[in-house]
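Student:
Residue numbers (the working numbering): 20 to 115.
1. Determine the burial state of residue 58: buried for a count of at least 16 other Cβ atoms within 10 Å of its Cβ, exposed for fewer.
2. Ordered along the chain, which non-local residues of its own chain (more than five positions away) have a Cβ less than 8 angstroms from that of residue 38?
3. Within the 9 angstroms Cβ cut-off, does residue 30 reach chain B?
4. What are the partner residues of residue 73, as DSSP defines its beta bridges?
5. Going by alpha carbons, who is nearest to residue 55 out of 107, 81, 30, 26?
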């Protein structure tokens, strides 16, 4: 196997590519982790309202459904609506 000396600077990923990646993630994953990786990723997650046009932060099958989990999901939903900057067209309030 060939060794690579080159290090990748994921913080320097072009914004359009980063938004494409974020667009393939669940909103909860962006809110809980991906958007917190570094400053450029945080800015993209917070400043790009197109990511938040259709919001789905509700539990997937197998996710905890206790009161604390629902409160966390509600907080994520509020954050997602705020980030949409008025572009949110729908919220998907269903269990998958």
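The beta-carbon is built from N, C-alpha and C at its ideal position, and this holds for glycine as well. Small disclaimer: the values here were computed from a predicted structure and weren't measured.
Tutor: On the basis of the coordinates in this document:
1. Classification for residue 58: exposed.
2. Cβ within range, chain order: 63, 67, 69, 70.
3. Structure shown: chain B not included; a single protein chain is present.
4. According to DSSP, residue 73 shares a beta bridge with 109.
5. The closest CA to that of residue 55, considering only 107, 81, 30, 26, is found on 30.
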